[in-house]
Amino acid sequence: GSNRLHNFALTIDAKTIEESQAIETRVRETIARKHKFDSADESALGSYNKLEDVIETMKIFQAIKIFIWIIGIGTLIAGVVGVSNIMLIVVKERTKEIGIRKAIGASPASVVGLILLESILITTIAGYIGLILGTGLMEGVNFIVEQQYAASAATNGGNGDTLFRNPTVNLN
2 GSNRLHNFAL
12 TIDAKTIEES
22 QAIETRVRET
32 IARKHKFDSA
42 DESALGSYNK
52 LEDVIETMKI
62 FQAIKIFIWI
72 IGIGTLIAGV
82 VGVSNIMLIV
92 VKERTKEIGI
102 RKAIGASPAS
112 VVGLILLESI
122 LITTIAGYIG
132 LILGTGLMEG
142 VNFIVEQQYA
152 ASAATNGGNG
162 DTLFRNPTVN
172 LN
């Protein structure tokens, strides 16, 4: 008939799924009593609880955040190991020089300072070179993809779909 209601929405301030489901049940029972249908009849009154989706999405984002922390900590540990190896190699290669410096009268602090300065300098230069190479590589990939897009647009009459812009499989 013409007096049918197709959908309505309620916004509630529930913090847990149980609280949200309890409110949903009370609303369903109230409407079922007023309009004379069984409250368990899903075809008479369907419901959708978005809080369940929100909580599931929040769990996914929390897992992603934990994963990023693990990757970050692993990267820092790898960096510490790399710098430690550089320092160890510097000390091993320069054992005689360090001995001569100490024999001449260099303080242990000046020897440690020299090794730390050298390690920091090597690490900084290598990190900067890696940053430049990584940026250059990504710019090169971007240039190639843009060229592919332009060539595809020219051959397809303005439709420049590429694998990266429109990942599809042609089944014809």
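Each residue of the sequence shown is one higher than the last, beginning at 2 in our numbering. For each residue, glycine too, the CB sits at the ideal point set by N, CA and C. Just so you know, these numbers come straight off a predicted model, no measurement behind them.
A check of alpha carbon separations from Gly128 across Asp42, Gly83 and Gln22 identifies Gly83 as the nearest. Spanning the alpha carbons of Leu122 and Val91 requires a straight line of approximately 12 Å.
For Asn171 and Gly141, the gap between their C-alpha atoms comes out near 28 Å. Between Ile99 and Ser120, the C-beta gap is not smaller than 7 Å, which leaves the two residues out of contact. If you check the CB distance, Asn50 and Glu25 come in under 7 Å. Take Val112, set aside five residues on each side of it, and the residues of its chain with a beta-carbon closer than 8 Å to its own are Ile99, Arg102 and Lys103, in chain order.
Per DSSP, Asp54 is one residue of the alpha helix (DSSP H) stretching across Lys51 to Glu94. Inter-residue distance for Glu57 and Phe9 is about 24 Å (C-alpha atoms, whole angstroms). Boundaries of the alpha helix (DSSP H) around His36: Ile18 to His36.
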